[in-house]
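Take a look at the structure set out below.
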Amino acid sequence: MTDVLAVADHRRGDLRDVSYELVTAGRELADETGGDLHLAVISGTVDEFAQKLDRDGVDAIHTVDYGEEFNHGVYAQTVIQLYDELAPQYVLAPNSVNGLDYAPAVANELGLPIVTDTVDLETDGDTLTATREMYGGKVETTTELEGQAVVTIRGAEWPAADGTGDAAIDAFDVDIDEGALGTTVNGFEEVGGGDVDISEADVLVSVGRGIEDEDNLELIEDLADALDATVSASRPIVDNGWLPKNRQVGQSGKVVTPDVYVAIGISGAVQHVAGMKGSDTIVAINTDPNAPIMDIADYAITDDLFDVVPALTEQYQ
Ligand code: FAD
Numbered sequence: 001m002t003d004v005l006a007v008a009d010h011r012r013g014d015l016r017d018v019s020y021e022l023v024t025a026g027r028e029l030a031d032e033t034g035g036d037l038h039l040a041v042i043s044g045t046v047d048e049f050a051q052k053l054d055r056d057g058v059d060a061i062h063t064v065d066y067g068e069e070f071n072h073g074v075y076a077q078t079v080i081q082l083y084d085e086l087a088p089q090y091v092l093a094p095n096s097v098n099g100l101d102y103a104p105a106v107a108n109e110l111g112l113p114i115v116t117d118t119v120d121l122e123t124d125g126d127t128l129t130a131t132r133e134m135y136g137g138k139v140e141t142t143t144e145l146e147g148q149a150v151v152t153i154r155g156a157e158w159p160a161a162d163g164t165g166d167a168a169i170d171a172f173d174v175d176i177d178e179g180a181l182g183t184t185v186n187g188f189e190e191v192g193g194g195d196v197d198i199s200e201a202d203v204l205v206s207v208g209r210g211i212e213d214e215d216n217l218e219l220i221e222d223l224a225d226a227l228d229a230t231v232s233a234s235r236p237i238v239d240n241g242w243l244p245k246n247r248q249v250g251q252s253g254k255v256v257t258p259d260v261y262v263a264i265g266i267s268g269a270v271q272h273v274a275g276m277k278g279s280d281t282i283v284a285i286n287t288d289p290n291a292p293i294m295d296i297a298d299y300a301i302t303d304d305l306f307d308v309v310p311a312l313t314e315q316y317q
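Numbering-wise, UniProt numbering puts 108 at position 108 of the sequence shown, and it's gapless, one number per residue.
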């Protein structure tokens, strides 16, 4: 048992970036175990996805043409059947909404240990050393797992795989028990927010709970106008319904990599930082000098946002 099985992630017809990062993480592990890297591509336009994922270092890609979108039962049943056939040392899944849905069920069904949200992985073939972050990224912990394991990886921690591979691509003959599927996806409803894609913005003005009240968002919008920037937010702002979900930065929102990211009244929780740490220049405005965001900021302004934001707006408009 030396092989690695990684499971690609897609949503609404697009492969997610973490799929390419899974190839890199999987290849590194397979090199350390001396095994092959297998990829599972489940549901959606599997042939197109398989072609895109046939990058350097992928040995085999197994496609399952079953439905368009993620379905817990289809993924769980497929991964378990692939595991039974391939007996990989490690099953790698993304630490995404989808991955966190089926990976624990797979581990439970197979009686394997699971470690989630990993940012680094090393193995000597028997012992897997998985690194995770705690306390807003201030502390790293390592977990050691013996033997076979299920692992989820955090997005944007491994580089995307490139190059063109020559993987063997086959349609995996899965036996889906439809009676056990439980859920079906009937359709999607767009939430508000129009066509703004914060992951494409060059400058983001991002607002957090420090703004206190929905009415105060006007201050942020004025600054965004002055800087020709797009407004994004931390999760509490979205949970409050003050901004639509497609403005949320972070682990359960979007990963953004703008030239400039201005974090206003945002503490810098690890789930938020996961989505914006790739920004070129980070400016943080926070009354608390010890807020975690101040540690990763290139420019940390320790002051009240209700003073700083209007002053900046005036300066740039
Ligand atoms: P807080 O942590 O409350 O920080 C508010 C900050 O504002 C503080 O640092 C404070 O000092 C500062 N402040 C207050 N008043 C002022 C003022 N007048 N001037 C200047 N500064 C001021 N969060 C995300 O953002 N994105 C995600 O995708 C995400 N996914 C999650 C997924 C999971 C599974 C879980 C468990 C959590 C997730 N979270 C996510 C939530 C995350 O853990 C934090 O709770 C959240 O990021 C905190 O948001 P915040 O920084 O706006 O608020």
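All C-beta atoms, glycine included, are put in the ideal place defined by N, C-alpha and C.
Values in this document were obtained by computation on a predicted structure and should not be read as measured data.
{"Item": "Helix, strand or coil for residue 319? Go by DSSP, reduced to three states.", "Value": "There is simply no residue 319 to check, as the chain begins at 1 and stops at 317 in what is shown."}
{"Item": "Please classify MET1 as buried or exposed, where buried requires at least 16 neighbouring CB atoms within 10 angstroms.", "Value": "exposed"}
{"Item": "Over the uninterrupted beta strand (DSSP E) stretch that includes VAL207, give me the two end residues.", "Value": "203-207"}
{"Item": "Tell me the rounded alpha-carbon separation between GLU144 and VAL119.", "Value": "14 Å"}
{"Item": "Using 8 Å as the threshold, is the C-beta distance between VAL185 and ASN71 below it?", "Value": "yes"}
{"Item": "Could you please give the first and the last residue of the uninterrupted alpha helix (DSSP H) stretch that includes ASP239?", "Value": "235-239"}
{"Item": "In angstroms, rounded to a whole number, what distance separates the CA positions of GLU122 and ALA130?", "Value": "7 Å"}
{"Item": "What residue range does the beta strand (DSSP E) around THR2 cover?", "Value": "First-last for THR2: undefined, no H or E at that position."}
{"Item": "Does the stretch 57-77 come into contact with the stretch 162-174, if we say contact requires no fewer than three beta-carbon pairs (one atom in each stretch) closer than 8 Å?", "Value": "yes"}
{"Item": "Is it the case that the Cβ atoms of ASP298 and VAL283 are separated by a distance below 8 Å?", "Value": "yes"}
{"Item": "With a threshold of 7 Å, establish whether the CB of LEU305 neighbours any heavy atom of ligand 1.", "Value": "yes"}
{"Item": "Taking the alpha carbon of ASP31 as the reference point, which residue from VAL18, VAL4, ASP9, GLU48 has its own alpha carbon closest?", "Value": "VAL4"}
{"Item": "Which residue comes first and which comes last in the beta strand (DSSP E) that contains ILE282?", "Value": "281-286"}
{"Item": "Would you mind reading off the limits of the beta strand (DSSP E) that contains THR143?", "Value": "139-146"}
{"Item": "DSSP three-state label for TYR66, please.", "Value": "coil"}
{"Item": "Can you tell me whether LYS52 is helix, strand or coil according to DSSP?", "Value": "helix"}
{"Item": "Output the boundary residues of the alpha helix (DSSP H) element that contains VAL270.", "Value": "270-276"}
{"Item": "Beta-carbon within less than 7 Å of LEU227's beta-carbon, same chain only, minus the 5 sequence neighbours each way: which residues are those?", "Value": "VAL203, VAL205, TYR316"}
{"Item": "Flag ASP288 as yes when its Cβ comes closer than 7 Å to any non-hydrogen atom of ligand 1, and as no otherwise.", "Value": "yes"}
{"Item": "Please go through the same chain and pick out, in chain order, the residues whose beta-carbon is closer than 8 Å to the beta-carbon of THR287, but skip the five residues on each side of it.", "Value": "GLY210, THR302, ASP303, ASP304, LEU305"}
{"Item": "Distance, Cα to Cα, ASP259 vs SER199?", "Value": "11 Å"}
{"Item": "Does DSSP put ALA149 in a helix, a strand or coil?", "Value": "strand"}
{"Item": "Going by Cα to Cα distance, which pick from ASP36, GLU68, PRO236, ASP47 is closest to PHE188?", "Value": "GLU68"}
{"Item": "Excluding the 5 residues flanking ALA6 on each side, which residues of the same chain have their C-beta closer than 6 Å to its C-beta?", "Value": "LEU22, GLY26, LEU39, LEU92"}
{"Item": "Quick one: residues in its chain with C-beta nearer than 6 Å to the C-beta of SER232, no 5 flanking neighbours on either side, listed in chain order?", "Value": "ILE198, LEU204, SER206, ARG247, VAL249"}
{"Item": "Let me confirm a value: THR78 is counted as buried when at least 16 other C-beta atoms fall within 10 Å, else exposed. Which label applies?", "Value": "buried"}
{"Item": "Of all the options GLU314, ASP9, SER43, ALA224, which has the alpha carbon lying nearest to the alpha carbon of ILE176?", "Value": "SER43"}
{"Item": "Which ranges does the alpha helix (DSSP H) cover as unbroken runs of at least 4 residues, wholly within the stretch 205-232, from first to last along the chain?", "Value": "217-227"}
{"Item": "Looking at PRO292: is its Cβ nearer than 8 Å to the Cβ of SER252?", "Value": "no"}
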